[in-house]
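Quick notes on the structure that follows.
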Amino acid sequence: MGATQQIYNKLYHCYGSQGWWPADTVFEMMIGAILVQRTNWSNVEKALCQLTPYLSPEQLEALPMEELEVAIRSSGFYRQKAKRIKAFLHWYKKYDYQLAHLRHVETETLRAELLSIHGIGAETANVLLLYAFQRPVFVVDAYARRIFARFGLDMPEKEQVFRLQVETECVLDTEGFKEFHALIVQHAKEHCKMKPICSGCPLVDECERRGV
DNA sequence: CTCCAGGAGC
DNA sequence: GCTCCTGGAG
Numbered sequence: 001m002g003a004t005q006q007i008y009n010k011l012y013h014c015y016g017s018q019g020w021w022p023a024d025t026v027f028e029m030m031i032g033a034i035l036v037q038r039t040n041w042s043n044v045e046k047a048l049c050q051l052t053p054y055l056s057p058e059q060l061e062a063l064p065m066e067e068l069e070v071a072i073r074s075s076g077f078y079r080q081k082a083k084r085i086k087a088f089l090h091w092y093k094k095y096d097y098q099l100a101h102l103r104h105v106e107t108e109t110l111r112a113e114l115l116s117i118h119g120i121g122a123e124t125a126n127v128l129l130l131y132a133f134q135r136p137v138f139v140v141d142a143y144a145r146r147i148f149a150r151f152g153l154d155m156p157e158k159e160q161v162f163r164l165q166v167e168t169e170c171v172l173d174t175e176g177f178k179e180f181h182a183l184i185v186q187h188a189k190e191h192c193k194m195k196p197i198c199s200g201c202p203l204v205d206e207c208e209r210r211g212v
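Be aware that the first sequence starts at 1, since it is given in UniProt numbering, and climbs by one per residue.
Here it is as C-alpha cells:
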C-alpha cells in the first residue's frame, strides 16, 4: 500500500467520516470555496450569514459590488473576493447557472475553465471540482503539504505533480476524496498545526517530528 | 497591543 | 516576493 493511502486509512480510522462540505446548497458551497481562500472558516461563516438573503446566482448577480463587499468583509481580502465572486458568476452564467449543464464536461476541460476565471487558482478549482461538480480529485492545500511532508514524503512543489501522485496511488472515488480533504483539515486543526500537538496524533509512528 | 493563519495574481 | 484583509490568540 502507498504512503498516501496509509495516511488516508489512519486518519479515517481515527476521526471517522467527516461529511463535508458544510453548506446547505451547492451554490452556497461554491461561494464558500472562494470566501475561504486564505481565511479560517469562522470568518467565512459570518460572511455567509450576511449573504443569506442573496444565496442564489441571480440575487448575487444583482447585488451591487459595494454591498457585496460589505457583506463578505469578515472573510478578509473582501475587495478581491467580491470581484472573484462576480467573475465566477459571470462564468457560471454561460451554463445558465445550471449544474446539470456541466455534467457532461470532461474534468480536465472543466478544470481549465475554472482556472481561467480571475481569482480561481489550483486549490479553489480542485475544491469546486470535488464538492460542487462531483469529480474525484485530490485537493492540494497548505494542510496536505504540511501533513505529508511531516509524514516523510518528498513533496513535489508543483500542484499538478503532487495531485496526480496522490490520485494515482490512492484508490478513492469522489466521496473518498471528499473525506480525504476533510480529514486533512480536521487533522491539521487538531494536531498538525504549524506548531504541532503530537500527543494523541494518529500519525506519530511515521512522523518525522515524532515526539516534538 | 502585536502577531499570526490562510490563496491568488502581478 | 510582494500585496491584499480579518478575527482570534497571545
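Beta carbons are placed, not taken as given, at the ideal position from N, Cα and C, and that holds for glycine.
(1) Looking at C-alpha atoms only, which residue of 74, 8, 170 is the closest neighbour of residue 45?
(2) Enumerate in chain order the residues of its own chain whose CB-to-CB distance from residue 26 is below 7 Å, with the five nearest sequence positions on each side excluded.
(3) Label residue 9 either buried or exposed according to how many other C-beta atoms from any shown protein chain fall within 10 Å of its C-beta, with 16 as the threshold for buried.
(4) Using CA coordinates, which residue listed in 20, 56, 80 is at the minimum distance from residue 97?
(5) Applying the criterion that 16 or more other CB atoms from any shown protein chain within 10 Å of the CB defines a buried residue, is residue 171 buried or exposed?
(6) Measure the CB-CB distance between residue 85 and residue 31 and report whether it falls below 8 Å.
(7) Within 10 angstroms of the Cβ of residue 70, are there 16 or more other Cβ atoms? Answer buried if so, exposed if not.
(8) Among residues of its own chain, excluding the 5 on either side of residue 149, which ones have a beta-carbon nearer than 6 Å to its beta-carbon?
(9) Does DSSP put residue 174 in a helix, a strand or coil?
(10) Could you give the distance in angstroms between the alpha-carbon of residue 14 and the alpha-carbon of residue 202?
Working from what's here:
(1) Locating residue 45 in the first sequence gives position 45, where the first residue counts as 1. Ranking 74, 8, 170 by Cα distance to residue 45 puts 74 first.
(2) As a working note, residue 26 is residue 26 in the first sequence. Once the five neighbours on either side are set aside, the close Cβ partners of residue 26 are 99, 132.
(3) Translated into the one-based positions of the first sequence, residue 9 becomes position 9. Residue 9 should be labelled exposed.
(4) The sequence position of residue 97 within the first sequence is 97, counting from 1. For residue 97, the nearest C-alpha among the options comes from 56.
(5) For the purposes of this step, residue 171 is taken as the residue at position 171 of the first sequence. Residue 171 comes out exposed.
(6) The residue labelled residue 85 in the question sits at position 85 within the first sequence. The residue labelled residue 31 in the question sits at position 31 within the first sequence. Contact flag set, yes.
(7) Residue numbering aside, residue 70 sits at position 70 when the first sequence is read from its first letter. Burial call: exposed.
(8) Start at 1 with the first residue of the first sequence, and residue 149 comes out as number 149. Result list for residue 149: 155, in chain order.
(9) Indexing the first sequence from 1 puts residue 174 at position 174. The answer is helix: DSSP assigns residue 174 an H, G or I state.
(10) Reading the first sequence from its first residue, position 14 is the one you call residue 14. Reading the first sequence from its first residue, position 202 is the one you call residue 202. Whole-angstrom Cα-Cα distance: 6 Å.
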